[in-house]
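Asks: In the numbering used here, the protein residues as written are 3 to 359. From the three backbone atoms N, C-alpha and C, an ideal C-beta is built for every residue, glycine too. These figures come from a predicted structure and were not determined experimentally. Sharing a structure here in structure tokens format.
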Amino acid sequence: MKLEQNTITALDNSGMGSILIDFHQQIRNSIKKVSHFPKLENLRKINKIVIFGMGGSAISGDLARNYISVNHHEIDLPITIIRNYNIPVWVDENTLAIAISYSGNTEETLSCFAQAAKVTKNLIAISSGGQIKEICNEHNIPFLEVPGGFQPRAALGYLFTTITTFLLLNFCKICEVSKATIEFQILADYLEMKGKEYSVVSEDNFALEIAQEIAGKTVVIYSSSDVLDVVNLRWRGQIQENSKNLAFGNLFPEMNHNEINSYMHPEKSIENLALIFLSDKADNPKVFERILATKEILSEKCKTVLHLEGQEDIFLVRLFDLIYLADWVSYYLAILNNEDPTPIPLISKLKKIMSGI
Numbered sequence: 003m004k005l006e007q008n009t010i011t012a013l014d015n016s017g018m019g020s021i022l023i024d025f026h027q028q029i030r031n032s033i034k035k036v037s038h039f040p041k042l043e044n045l046r047k048i049n050k051i052v053i054f055g056m057g058g059s060a061i062s063g064d065l066a067r068n069y070i071s072v073n074h075h076e077i078d079l080p081i082t083i084i085r086n087y088n089i090p091v092w093v094d095e096n097t098l099a100i101a102i103s104y105s106g107n108t109e110e111t112l113s114c115f116a117q118a119a120k121v122t123k124n125l126i127a128i129s130s131g132g133q134i135k136e137i138c139n140e141h142n143i144p145f146l147e148v149p150g151g152f153q154p155r156a157a158l159g160y161l162f163t164t165i166t167t168f169l170l171l172n173f174c175k176i177c178e179v180s181k182a183t184i185e186f187q188i189l190a191d192y193l194e195m196k197g198k199e200y201s202v203v204s205e206d207n208f209a210l211e212i213a214q215e216i217a218g219k220t221v222v223i224y225s226s227s228d229v230l231d232v233v234n235l236r237w238r239g240q241i242q243e244n245s246k247n248l249a250f251g252n253l254f255p256e257m258n259h260n261e262i263n264s265y266m267h268p269e270k271s272i273e274n275l276a277l278i279f280l281s282d283k284a285d286n287p288k289v290f291e292r293i294l295a296t297k298e299i300l301s302e303k304c305k306t307v308l309h310l311e312g313q314e315d316i317f318l319v320r321l322f323d324l325i326y327l328a329d330w331v332s333y334y335l336a337i338l339n340n341e342d343p344t345p346i347p348l349i350s351k352l353k354k355i356m357s358g359i
């Protein structure tokens with residue numbers, strides 16, 4: 003199907019395309035606020051970090067953890083992301099508990115934050131407002147506010163940059179913070195360039211090309227569990243929410259010990275899969291070998307098999323190279339599916355059922 007700009011404009015009623023084009027500004031705007039972030043007390047007593055969040059908010063924590071693990075070894079504390087109603091038993095007075103909820107009203111995150119407040123005084127929240135802001139104001143808990151008005155998944159730039167720079171500011175030397183700031187500026191420039199490229203409907207648009215290749219198919223994302231697990235999750239989530247399209251995924255090397263053997267039956271379903279392999283130069287070399295071998299085997303079973311790898315030198319840019327590509331691929335896939343990329347009708351329906359309306 004050949005896409006025309008007027009078709010895109012007619013379906014994109016909420017302006018998701020414009021938000022994607024301006025995504026780089028989220029990075030730039032967040033960097034400007036770093037000097038105003040609070041400095042934590044009792045840093046020496048903190049021996050672990052836990053982040054509470056769901057959906058797009060939680061992914062910002064995943065990205066911060068992976069970026070720090072590769073680039074900022076000075077932060078040698080374990081960072082765990084919790085997507086649930088209850089906190090782990092190991093959360094204690096020496097734990098830094100961070101709640102990230104873009105709306106400020108995510109019930110799972112609020113539940114964990116309330117439980118954490120009973121065992122540790124090391125608390126902070128990131129949100130655009132809502133109940134969590136009220137709780138922080140009432141109990142004098144540090145609160146980092148990001149701009150409102152976005153879908154949570156579309157505010158990733160604000161959430162990720164805020165949580166990451168906050169952690170670096172508190173746990174790293176000033177030279178590390180300066181290095182990261184420069185990388186964020188480079189990232190913003192790169193995303194601005196890519197936004198101009200991906201927003202033009204043409205035969206040279208790589209994001210549109212991928213969307214057309216996977217249209218009408220169930221998408222399966224495979225990547226390493228080392229550094230791209232969160233990118234894998236982002237690809238799935240964006241295709242599920244923006245495109246309203248079935249998408250699943252798994253990680254190497256685990257999938258080589260079970261899932262690979264499922265590509266036998268049912269044959270018609272397998273033929274209608276679109277496989278996307280993601281890799282990064284920071285992956286374990288043995289894992290990369292497994293990716294190539296698995297791709298070779300499954301290419302005999304599926305007609306649509308793609309292999310994507312970030313090519314930039316800076317790890318942060320490579321991460322967002324693949325993430326931003328996913329944003330645009332899912333955007334165009336939504337249009338090809340005759341859907342507005344912004345609404346999430348089934349999630350909204352679920353929330354109404356859960357609230358008893």
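List in chain order: all unbroken alpha helix (DSSP H) runs of 4+ residues lying wholly within the stretch 147 to 198.
Replies: Here the runs fully enclosed are 158 to 173.
Asks: For the candidate residues 141, 132, 190 and 68, whose alpha-carbon lies nearest to that of residue 149?
Replies: For the purposes of this step, residue 149 is taken as the residue at position 147 of the sequence shown. With distances taken between Cα atoms, residue 149 lies closest to 132.
Asks: Alpha carbon to alpha carbon, what distance is there between residue 112 and residue 55?
Replies: Indexing the sequence shown from 1 puts residue 55 at position 53. Indexing the sequence shown from 1 puts residue 112 at position 110. Using only the alpha carbons, I get a separation of about 9 Å.
Asks: For residue 261, which residues in the same chain have their Cβ closer than 6 Å to its Cβ, ignoring the five residues on either side in sequence?
Replies: To locate residue 261, count along the sequence shown from 1; it is residue 259. Closer than 6 Å at the Cβ level, and outside the excluded window around residue 261, lie 252.
Asks: Classify residue 243: buried if its beta carbon has 16 or more other beta carbons within 10 angstroms, exposed otherwise.
Replies: Locating residue 243 in the sequence shown gives position 241, where the first residue counts as 1. Under this definition residue 243 is a buried residue.
Asks: Sorted by chain position, which residues of the same chain lie with C-beta nearer than 7 Å to residue 186's C-beta, five sequence neighbours on each side aside?
Replies: Locating residue 186 in the sequence shown gives position 184, counting from the first residue. Here the set comprises 29, 33 and 163.
Asks: Take residue 308 as the anchor and find which of 70, 231 and 279 has the nearest alpha-carbon.
Replies: For the purposes of this step, residue 308 is taken as the residue at position 306 of the sequence shown. Residue 308 has its Cα closest to that of 279, out of 70, 231 and 279.
Asks: Can you list the beta strand (DSSP E) stretches of 3 or more residues lying completely in the stretch 232 to 292, in chain order?
Replies: Listed in chain order, they are 249 to 254 and 275 to 281.
Asks: How many Å lie between residue 87 and residue 247 at the Cα?
Replies: One-based indexing of the sequence shown puts residue 87 at position 85. One-based indexing of the sequence shown puts residue 247 at position 245. Going from the Cα of residue 87 to the Cα of residue 247 covers about 27 Å.
Asks: Which same chain residues, not among the five before or five after residue 340, have their C-beta less than 8 Å away from its C-beta?
Replies: In the sequence shown, counting from the first residue as 1, residue 340 sits at position 338. Excluding sequence neighbours, residue 340 sits near 13.
Asks: Just confirm the distance between the C-beta atoms of residue 70 and residue 161, as a whole number of angstroms; I'd bet it's less than 8 Å.
Replies: Here the question's residue 70 lines up with position 68 in the sequence shown. Here the question's residue 161 lines up with position 159 in the sequence shown. So it is not a contact: roughly 15 Å between Cβ atoms.
Asks: Check whether the Cβ atoms of residue 179 and residue 36 sit closer than 9 Å, and answer yes or no.
Replies: As a first step, residue 179 is located in the sequence shown; it is residue number 177 there, counting from the start. As a first step, residue 36 is located in the sequence shown; it is residue number 34 there, counting from the start. Going by C-beta atoms, residue 179 is nearer than 9 Å to residue 36.
Asks: Cβ of residue 68 within 9 Å of Cβ of residue 231?
Replies: To locate residue 68, count along the sequence shown from 1; it is residue 66. To locate residue 231, count along the sequence shown from 1; it is residue 229. Yes, these two residues count as a Cβ contact at 9 Å.
Asks: Mapping the DSSP letters down to three states, classify residue 311 as helix, strand or coil.
Replies: As a working mapping, residue 311 is identified with position 309 in the sequence shown. Correct three-state label for residue 311: strand.
Asks: Quick test of the definition: if touching needs 3 or more C-beta pairs under 8 Å, does the stretch 14 to 26 touch the stretch 190 to 204?
Replies: Short answer: they touch.
Asks: Does DSSP put residue 127 in a helix, in a strand, or in coil?
Replies: For this step, residue 127 is matched to residue 125 along the sequence shown. Residue 127 falls in the strand class under three-state DSSP.
Asks: Spatial neighbours of residue 292 within its chain, please: CB distance less than 6 Å, with the 5 preceding and 5 following residues excluded, ordered by chain position.
Replies: Within the sequence shown, numbered from 1, the residue matching residue 292 stands at position 290. Closer than 6 Å at the Cβ level, and outside the excluded window around residue 292, lie 254, 255 and 258.
Asks: Look at the alpha carbon of residue 62 and the alpha carbon of residue 146, and state the distance between them as a whole number of angstroms.
Replies: Locating residue 62 in the sequence shown gives position 60, where the first residue counts as 1. Locating residue 146 in the sequence shown gives position 144, where the first residue counts as 1. About 14 Å.
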